[in-house]
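In what follows, a structure is listed as structure tokens, so that the remarks can point back to it.
Protein chains in written order, with this note's numbering: chain A, 1 to 165; chain B, 1001 to 1808.
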């Protein structure tokens, strides 16, 4: 058993203190120490994008990130995507369009898509493909995911009040 | 699959019934593009996969694997590991001496290798420790002494080498199984032909690559009972294998399949790691979890067999086939797995698309020192379908026929029996071909596009569930149990396993449709051998058809009870009552009636607790010959695909512009999910056609990682137009057939045919990499070679008599 260090993180808007071995990855700390098992893993080598979470709004591979580097920064996992009891428009669109088949790659793709739409609310299909190209999915053939991101983007920009089409 | 003809049992064969009228029933839920019942849980990260489970006092297991492709195990010494603080138990092969395997004829695996390691990655010892790191460290303190043996790494080596054997069973050398079947007078067929063509093809092996790594948690309780949670597609067969290997009564073992994070056939075998954690839990009296690394998933494998194929077909001038002779050579890897079934499948479905009046199939599966091959999406049929569809394209060209025309002219008849005695029901292939051709403009484009741009076509068929179970018996293949609640809720219990295809949703849709309640009123309890009736598992594209029929039967057994009570209460004849929208009401005066929950209360007051069961067993196959256990199905799905692409002659790079695919799925239970299955199949076929390959160097897997094993990303996926063709099959629930595997099949040959259309060179092997394109353009790509091998004399199967179901 390795020595633990006390980490101070903000996860899904809440401050958390957790004692974890210093070499544990963010993925391990989220899943094993904080029991936030919504974050999945497909390789633990940074190859598949499955473990994507947001740090200060940007996507990171939690399997390659050490939480000790994240002191005071904001981590968002799939459990933190909902606004109180209302799921994020991406979550609703994914459910409606059938974009989650087995649902295992879904949390990572949702977060990568959220971060992308936050930066680029009216993307082209190619821009979405490029933004999500680091996330593998073996079930869907990606097409229903693309449709769902487009649907959510449309709804979100409507909500924001579209600045002059 | 075990092959036997029951003595003394007369074939119960009757002519298939014609299709039922399209809609005897007004459907409210079936056919609607509803979200899946578990969709919100999945997008909110609430779905509990096996690795998300954590039990008090749980230990973590790691497995030590062979670094040698082929080696005798002389000694396994775990004392070093046992001395390590935090290690609670170790396990070696002799502690679980009973072999297992998915097929009764191939019980050739052990939880941990005992005498020999047969591939790099074969498990030889295991550890349970307080955490994963300690377990991992402990593996380094296990000493295994090996005597390295010569590895057998190719089909040719396996066929030539007699002395060094991977297994000591099988006919001889490294031959696992041979098949030789003949239907009709082949020589006569070739004599009648105006044109005879021979071709050879090679299909490289590839793997499923589900995003979720296999995981299992075992908990052996103080009550002497075992619970195993596993990411398995077949909890029923895991249950059987555990009982055998642990020497425990099956009634003391409970297997729960958690939702699978993708399967595609890769989680259909009982696996060594499941046996290992179960035994470690018994040894430690603590829960034990194992989660495989991505590299280990590549060693579980059971994926696509590398296949070398030879095909010879005789045709008349109009393209009518007079005879077909097909040979397949399968590289099986180190264990039997589903291999005997895979081998039969590589020869079974050649006859169910176009009329083949005379047919001979010869196949051989060999053992090699690689991870075992098994069933991947399409099980044993994508390889021969690739061969046939490319071969037919060449024949069409030689005859000066349009490849679409050649196919359309010679389709099998619906409700006929093929030469190898497969009974067909609805056949929507004509409509599939016509619709993809029309939507894609194939007839106008084929042979007429610019240099470097091409369009290709292919067709295919697939089983909607295997006609026979793995263990031959008279039991149902799927069972559903319903429990009605006074509040109007319904719980549906079924052993079916949701691997992402949406089987939990289909169960809820069917029950809600039948009982006239909303989908959200249904709670599904699935894939739990203690709680749910047996469903054989999520393989062979069987679940929608079999579970769906079982669910309909269960619901229709309850309905009369409810309708009679409501009838009595409101004074309307039962036959005039309808159940929909949570109400039971008079069809003539819809205001007259009561809520579903009131009706349930009324019925329960009369009959007591309300529940019912339903089950499904496929109709008997007319085929009774040795080897006919593989291929029969309640019905077959059909697909046609057109691929349009560009090939860069300088780099060999292929860009897919668009794919059109039409699939005869009988009836779309949910068109949204059906399209998801079809698009996913297209994607997987595309990966196999363009890049996915499982190759080995110096006895080891060359690319056991997601980075090196190339698969298509968001950027490689072209637009797909999926067309649903509904033929309302009489054997399917509401007419439904499968749609999860069949649509993969035509994608690969359509793509390869399109490459020929684009650049005028034939590439008879997949994946078609840029390097192969360049070699072909330079005339350096040789035709694949098949080994010379003498197959046994064929079993000559006499034709069926009309009374046995023969059709013209």
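Built from N, CA and C at the ideal position, the CB exists for glycine as well.
Beta carbon of residue i nearer than 7 Å to that of residue j
| i | j | result |
| --- | --- | --- |
| residue 1537(B) | residue 1233(B) | yes |
| residue 1734(B) | residue 1428(B) | no |
| residue 1566(B) | residue 1558(B) | no |
| residue 1404(B) | residue 1437(B) | yes |
| residue 1345(B) | residue 1313(B) | no |
| residue 1333(B) | residue 1293(B) | no |
| residue 1109(B) | residue 1119(B) | no |
| residue 107(A) | residue 154(A) | no |
| residue 1611(B) | residue 1515(B) | no |
| residue 133(A) | residue 1690(B) | no |
| residue 1123(B) | residue 1527(B) | no |
| residue 1522(B) | residue 1480(B) | no |
| residue 1328(B) | residue 1374(B) | no |
| residue 1748(B) | residue 1685(B) | yes |
| residue 1742(B) | residue 1633(B) | no |
Buried or exposed by the 16-neighbour rule on C-beta atoms within 10 Å, applied to residue i
| i | result |
| --- | --- |
| residue 1250(B) | exposed |
| residue 114(A) | buried |
| residue 1222(B) | exposed |
| residue 1795(B) | exposed |
| residue 1091(B) | buried |
| residue 1660(B) | buried |
| residue 73(A) | exposed |
| residue 1797(B) | buried |
| residue 1128(B) | buried |
| residue 1467(B) | buried |
| residue 1093(B) | buried |
| residue 1098(B) | exposed |
| residue 89(A) | buried |
| residue 1788(B) | exposed |
| residue 85(A) | exposed |
| residue 1351(B) | buried |
Those residues which DSSP pairs with residue i across a bridge
| i | result |
| --- | --- |
| residue 1329(B) | 1308(B) and 1364(B) |
| residue 1481(B) | 1493(B) and 1613(B) |
| residue 1220(B) | 1226(B) |
| residue 1206(B) | 1304(B) |
| residue 1641(B) | 1458(B) and 1661(B) |
| residue 1143(B) | 1077(B) |
| residue 1579(B) | 1584(B) |
| residue 86(A) | 83(A) |
| residue 1654(B) | 1647(B) |
| residue 1256(B) | 1229(B) and 1528(B) |
| residue 1809(B) | Past the boundaries of the shown model lies residue 1809(B); chain B is included only from 1001 to 1808, so the question cannot be answered. |
| residue 1417(B) | 1423(B) |
Run of the beta strand (DSSP E) containing residue i, from where it starts to where it stops
| i | result |
| --- | --- |
| residue 1230(B) | 1226 to 1230 |
| residue 52(A) | 52 to 55 |
| residue 187(A) | Residue 187(A) lies beyond the stretch modelled for chain A, which goes from 1 to 165, so this question has no answer here. |
| residue 1182(B) | 1175 to 1183 |
| residue 1349(B) | Taken as a continuous stretch (DSSP letters only), residue 1349(B) belongs to no beta strand (DSSP E), as it is neither H nor E. |
| residue 1752(B) | Unbroken run through residue 1752(B) is the alpha helix (DSSP H), 1747 to 1759; no beta strand (DSSP E). |
| residue 1289(B) | 1288 to 1291 |
| residue 8(A) | 4 to 11 |
| residue 1155(B) | Unbroken run through residue 1155(B) is the alpha helix (DSSP H), 1155 to 1160; no beta strand (DSSP E). |
Where the alpha helix (DSSP H) through residue i begins and ends
| i | result |
| --- | --- |
| residue 145(A) | 143 to 160 |
| residue 1594(B) | Per DSSP, residue 1594(B) belongs to no alpha helix (DSSP H); it is in the beta strand (DSSP E), 1593 to 1595. |
| residue 1570(B) | 1543 to 1570 |
| residue 1062(B) | Premise fails: residue 1062(B) lies in the beta strand (DSSP E), 1059 to 1065, not in any alpha helix (DSSP H). |
| residue 1130(B) | Residue 1130(B) -> no alpha helix (DSSP H), and no H or E assigned at all. |
| residue 1771(B) | 1770 to 1777 |
| residue 1391(B) | 1382 to 1399 |
Count the CB pairs spanning the segment 1138 to 1151 of chain B and the segment 1390 to 1401 of chain B that are closer than 8 Å, and state whether there are at least three. no
Cβ contact (3+ pairs, closer than 8 Å) linking the segment 1311 to 1325 of chain B and the segment 1273 to 1289 of chain B: Verdict: no, contact absent.
Hey, is the segment 1292 to 1306 of chain B in contact with the segment 1256 to 1267 of chain B, meaning 3+ C-beta pairs nearer than 8 Å? yes
Count the CB pairs spanning the segment 1321 to 1337 of chain B and the segment 1360 to 1376 of chain B that are closer than 8 Å, and state whether there are at least three. yes
Is it true that the segment 1694 to 1705 of chain B meets the segment 1719 to 1728 of chain B, where meeting means three or more beta-carbon pairs spaced less than 8 Å apart? no
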